[in-house]
Amino acid sequence: MSPASAFPSSSACPTLAPTSSTTNGSTAAPFALASVEDALADFAKGDFLVVVDDEDRENEGDLIIAAEKITPEKMAWLIRHSSGYICICLPAERLNELDIKMMCEDNQDRNKTAYTVTCDYKHGTSTGISAHDRALTALKLADSTSKADDFNRPGHMVPLRAVAGGVLKRRGHTEASVDLCVLSGLAPAGIICELVKPDDPMGSMARQADCFAFARTWGIKMISIEQLEAYRKAKNL
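Quick note: to get our numbering, add 1231 to the position in the sequence shown (first position is 1).
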């Protein structure tokens, strides 16, 4: 199989072109959070979602997409609009299958984000850093037929270990991304990266109002981790 044919057959993504010229600070009507049901419908098709967490936690919004739906074009778009530190969230069982170990034993991260050793897919990639290479690595990490020796360590994709139980146990973007995949009937592997303010020369992180403006401009549905938690509890999922 050629590297190009490894990706989903259609790389079209409605979020790759802005749907409005609205920017932060405009007088546009307030943006409403989407329903979880509507967000899941778009997510299952391969669209990005903006997912925000609590204002008293990270107070950040992440762009999230299912790893099995990633393409080089979508990865390039994600890199362009985010911090560029692309992570892929996987259950502990999958990381164990691939022999991807924790980055360090003493996790001192404030929110205990479970970073693991970075990796690159060995076949059909070059340096590993391009949008194509990172997309292929993510796609293959999500592919249940991939084996541990298909990946070089270290690399340029950052796997994160999701807590079992998802957002019901830890209200983080890591767990939210895996929950979104599972609820959409997709492989439990979610790609996440933090949104940044588009016109800030310092590259500051986007906060809720910035995320609303971005979602409106690009026609992306936006939900919160709190919504996702409530949805799972209501549906007993």
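Built from N, CA and C at the ideal position, the CB exists for glycine as well.
When the five nearest sequence neighbours on each side are left out, the beta carbons in the same chain lying within less than 6 Å of the beta carbon of GLY1359 are those of ASP1351, GLY1386 and HIS1387, in order along the chain. The C-alpha of ILE1331 is placed about 24 Å away from the C-alpha of LEU1294. By the neighbour-count criterion, in which 16 or more other beta carbons inside 10 Å mark a residue as buried, GLN1339 falls on the exposed side. Annotation note: the segment 1291 to 1368 contains the following uninterrupted beta strand (DSSP E) runs of length 3 or greater, listed N- to C-terminal: 1292 to 1297, 1318 to 1322 and 1350 to 1352. By the criterion of a C-beta distance shorter than 8 Å, GLY1416 is surrounded in its chain by ALA1275, once the five residues flanking it on both sides are discounted. DSSP links VAL1283 through a beta bridge to GLY1292 and SER1455.
Under the three-state reduction of DSSP output, PHE1262 falls in the coil class, being neither helix nor strand.
LEU1321 has its alpha-carbon roughly 14 Å from the corresponding atom of ARG1401. DSSP places GLY1416 outside both helix and strand once states are collapsed to three, so it counts as coil. For THR1448 and ALA1366, the gap between their C-alpha atoms comes out near 24 Å. Here the C-alpha atom of GLY1292 lies approximately 9 Å from the C-alpha atom of HIS1404. Rounded to the nearest whole angstrom, the C-alpha separation of LYS1428 and LEU1309 is 13 Å.
By the Cβ neighbour-count rule, MET1306 is buried, with 16 or more other Cβ atoms within 10 Å of its own. DSSP places PHE1445 outside any beta strand (DSSP E); the residue lies instead in the alpha helix (DSSP H), whose first and last residues are 1439 to 1449.
From the listed residues MET1333, MET1334, LEU1326 and TYR1462, the smallest Cα separation to LYS1371 is found for LEU1326. Of the residues assessed, LYS1300 falls on the buried side of the cut-off, its CB having 16 or more other CB atoms within 10 angstroms. About 5 Å separates the CB atoms of GLU1406 and VAL1398; that is less than 8 Å, so the two are in contact.
Ranking ARG1341, GLY1450 and VAL1348 by CA distance to the CA of CYS1335 puts VAL1348 first.
Where VAL1389 is concerned, the enclosing beta strand (DSSP E) starts and stops at 1382 to 1393. The C-alpha of PHE1443 is placed about 6 Å away from the C-alpha of PHE1262. For ASP1273, the uninterrupted alpha helix (DSSP H) segment begins and ends at 1267 to 1276. The beta carbons of MET1453 and ALA1461 sit no closer together than 8 Å. In the DSSP secondary-structure assignment, MET1436 is bridged to VAL1427.
Annotated as proximal: ALA1323 and ALA1395, with beta-carbon spacing under 8 Å. The Cβ atoms of ILE1319 and ALA1369 sit closer than 8 Å to each other.
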